[in-house]
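Residue numbers (my numbering), protein chains in the order written: chain D, 1 to 273; chain U, 274 to 1078. We put the beta carbon where it would ideally sit given N, CA and C, even for glycine. Encoded as structure tokens, the structure appears first; notes follow it.
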């Protein structure tokens, strides 16, 4: 419960944060809500030498209507995503999913940017924004760039962000009345999903992503292809694990996890139809 | 509700008083061990073996000693030399029981992952933790023993000096049973034979363990603060192990946040802090973190149970055979060998059984965290085995499981009932408890609903589980403990004093850590003495204030400690009567005492209140000749029998066969703990107990890999259910007073846990029985349930194919 020694610096702006992280090198880490990083540090599984606290970069906490999409500042807390009227109206799937992250304490501290940058395949929001076809904005010493969610997740807890880049904004396309469903299956309410599914359908289009079915959040493209080709929900759901690489853990065998993905995709598609 | 007709009218007992200890606990005013501020204390940190089984070739602490803030560092051998011997096991159940030397830090071999091998004393907890990383230990790892039957084979021996992993075999010897069991099985109309696995459980008390040893300013006195359930027992052992004379050793358990048996031990860190504080002449403290607690605090359950029932054509039990393998873990903890014995007498549950019972338990060492008593200790395991078996018998006979139980209940008019074991059950009314439970559950309606819903192809299946129990608690008559080779007695001490201003102090030898003794003991004294419970203060858990006691565990505090207080009150009343008689110039036998006032029978105007007597006893101006001043009485109470609470629990579940998810729809607990001192506290105990039993059934289980690594040491991985996961619990009570004590009370601390796990699993198996599932291992997680369904379907398919030929 006692982390190894580290230095702490607080950034007042995104530019200052990026400058500080560049100054301190590879052993420095951004600290946002701290709900992913601090537990790892307390178990001494992560031992950064410097924490750059971006928690007070207040201009990165916003939810704005940007025409065809909603722009969400990276430091927006889960509770604000969950309760945003703008998101409830235009991206209800994301607002709903944010309400299933951890417990109320976690949702009041944790941020959407922190969750996505941590790139945990078992977290709810990476897969949800992946299903929605989101774009992430990264800012580095040489300016900003856009990264498609489908290109962002590169391996277990590994993203396309460079060491001196900071995730600043999440752009989520408006759902335009699409049907949607978020299925989170776990044993205790506050736990990570054993398997989760975020899905939407609108006419022939759909987006389905899986939580905790591999080393990264999984876009179930075979399901969407099957639906586009006129397959029944049952037949499409049978393709749920086609892109997945599920691992066994204390809560699920590979066989069970694979089965569960199919059941939950079937339920999600039914609810979204 | 049944009450004895001559029960006195009660004014305080039976009220749902809010707990007087709660405001301090809820506002943070109460101080736990880690909250205590002691200037200059050094912090202890323990380096724990990453290997489950390894020879320690060398330990080099030199680099740690040079680290900032570090005052000392020790390896196991140096530490062992600070003590008169290894840590104690107080329950040598057989004369030939094997007990390996268990030193505070391992000396030659680490026997589980988490076994301490070295320690550091530093100015801060952080400095001590950092320095641990600088200690160099050279290990030779060995194959780990994590399977009980493999352990028994002695293929790999853990403690070389013992030459075997077997600690003991203990058989329950009952006269007149020779050959009876074999005969029962030979002539039985029905038999069942099943194996049940009691998975390891991590007690996970809300407050982790914490220790603070403070040398006193002069004379060598030592005060040890510890998160312990057993300050009195701990004082004796720490004194013996450190060589500090017992009269100079004081143990205090400040506010303690739960234990469930996990703080019923003499732990390495308790004796280490004491010895190091003495050596360095400074206070020394240690607080474990949660992952450390999971590995180094005792775990519970951990048995393999083979149980066979024999029954006649009506389903009446005619014989029971039980074989247990108990997993002791790496060493024998304080009472661990006795845990299976506490269950040994209960494998016939609440049922009539002739003298045809055969029980044998063999306990083994493994390379896992040591086990010991955990809420219920042996009794939940026994109840699980018999109650699961009764369901199997009902299934085999094709009759309703509740009906089978009713056929076997010991009838109400048979109490006190001498059981086949020779023990006497004090009182019981099982049919009443079952009837109340069935009504609260809506048993018949649910069965009808179940029949309608559980049709072929249904994906949501209903199940209903029943469990009854008898609990042997209130540990315990000292002579019975002697017959089981337990190292101590089972009495309890109490002192009651009425202070000059008519405020009452109760001194108890119990050591509450969440049970609400301050409230309940105040109520007992208030009832007896006719004072307001708010005017009673309860002193406890400090061996300098309450020098005698045997502490809190085994649902003993009320039926032993509470009764001791009532007895001490009687002593106070006797003395007060003499004083009142003297001052009123009346015959003591003519005085009536009620509402705190003595009155002369037939002359109601001649009266003397307790307040006046207390003042008179204090001034001592006018006492009977030869009477000593002050109004105080001390007593030590050794109970004549265990107390035998009982009850019926029922659980209704719905299972999603697609996901394996078990949803508890309704849970009914009907518990009879005799007279209830405070029904609010009884309800709380049952709620907590049910949740803990339900947690074993559905959520919890310490998982070790074959290398002996604990895979779920954090509370993110070890699934203690949270408030949002707990189903509604419907409580009912019957009241059958115990005839063996003046309050008519029985213990209730463990009852809920005992009834819950079999009720839940019986419901799960009942729901899945149509699919061919006959048993499921705990916890019945979605993964396990789904796999059980798949296995049953595969086996049904193959047997259908076989049958078609």
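Membership of residue 633 of chain U in the beta strand (DSSP E) is indicated by the continuous run 630-638. A distance of 8 angstroms or more separates the beta carbons of residue 948 of chain U and residue 836 of chain U. By the CB criterion at 8 angstroms, residue 697 of chain U and residue 499 of chain U fall outside the cutoff. The Cβ neighbour count for residue 85 of chain D, taken over all protein chains shown within 10 Å, is under 16; the residue is labelled exposed. Around the C-beta of residue 828 of chain U, 16 or more other C-beta atoms lie within 10 Å, and the residue is accordingly described as buried. Residue burial is scored here from C-beta neighbours: residue 678 of chain U has at least 16 other C-beta atoms within 10 angstroms and is therefore classed as buried. Straight across, the Cα-Cα distance linking residue 879 of chain U with residue 792 of chain U is about 33 angstroms. One finds 250 in chain D with Cβ atoms closer than 8 angstroms to the Cβ of residue 984 of chain U, taken in chain order.
Rounded to whole angstroms, the Cβ separation of residue 831 of chain U and residue 950 of chain U is 7 angstroms, and the two are in contact under 8 angstroms. Interface annotation, residue 308 of chain U: not in contact with chain D, CB-CB separation never under 8 angstroms. When DSSP assignments are scanned along the region 644-671 of chain U, the uninterrupted stretches of alpha helix (DSSP H) that are 4 or more residues long and fall wholly within it turn out to be 652-670. For residue 1056 of chain U, the residues of chain D that pass the 7 angstroms Cβ criterion are 251, 252, 253 and 256, in the order they occur in the chain. Assignment of residue 917 of chain U by DSSP, reduced to helix, strand and coil, places it in the coil class. The closest CA to that of residue 746 of chain U, considering only U:918, U:853, U:473 and U:691, is found on U:918. With a cutoff of 8 angstroms on beta-carbon distance, residue 269 of chain D and residue 233 of chain D are scored as near each other. A straight-line Cα-Cα distance of about 36 angstroms links residue 1036 of chain U and residue 1013 of chain U. Listed along chain D, the residues sitting closer than 9 angstroms to residue 563 of chain U by beta-carbon distance are 1. For residue 80 of chain D, there is no enclosing beta strand (DSSP E); the enclosing alpha helix (DSSP H) has its first and last residue at 78-83.
Taking each of U:329, U:536, U:310 and U:516 in turn and checking the Cα distance to residue 485 of chain U, the smallest one comes out for U:310. Annotation: the continuous alpha helix (DSSP H) that includes residue 709 of chain U extends over 703-714. Under the DSSP assignment, residue 932 of chain U falls outside any alpha helix (DSSP H); it carries neither an H nor an E label.
Distance between residue 671 of chain U and residue 514 of chain U, taken at the CA atoms: about 59 angstroms. Pairing residue 487 of chain U with residue 496 of chain U gives a Cβ-Cβ distance under 8 angstroms. Taken in chain order, the unbroken stretches of alpha helix (DSSP H) that lie wholly in the region 414-485 of chain U and span 4 residues or more are 421-425 and 453-460. For the region 174-189 of chain D, the set of positions with a beta-carbon nearer than 7 angstroms to some beta-carbon of chain U reads 185, 187, 188 and 189 in chain order.
For the region 387-405 of chain U, the beta-carbon criterion of a distance under 8 angstroms to any beta-carbon of chain D is satisfied by 398, 399, 402 and 403.
Listed along chain U, the residues sitting closer than 9 angstroms to residue 43 of chain D by beta-carbon distance are 564 and 987.
The beta-carbon of residue 992 of chain U is placed less than 8 angstroms from the nearest beta-carbon of chain D. Along the region 9-37 of chain D, the beta strand (DSSP E) occurs as fully enclosed runs of 3 or more residues at 28-31, listed in sequence order.
Taking a 10 Å sphere around the C-beta of residue 1028 of chain U, we find 16 or more other C-beta atoms and assign the residue as buried. Against chain U, the CB of residue 40 of chain D has no partner CB under 8 angstroms away; the residue lies outside that interface. For residue 593 of chain U, the pairing in a beta bridge is given by DSSP as U:582 and U:630. Straight through space, the alpha carbons of residue 941 of chain U and residue 665 of chain U are spaced by roughly 22 angstroms. Interface flag for residue 843 of chain U against chain D is unset, since no Cβ pair is found closer than 8 angstroms. In the three-state reduction of the DSSP assignment, residue 877 of chain U falls in the strand class. In the structure shown, residue 892 of chain U falls within a helical segment according to DSSP collapsed to helix, strand and coil.
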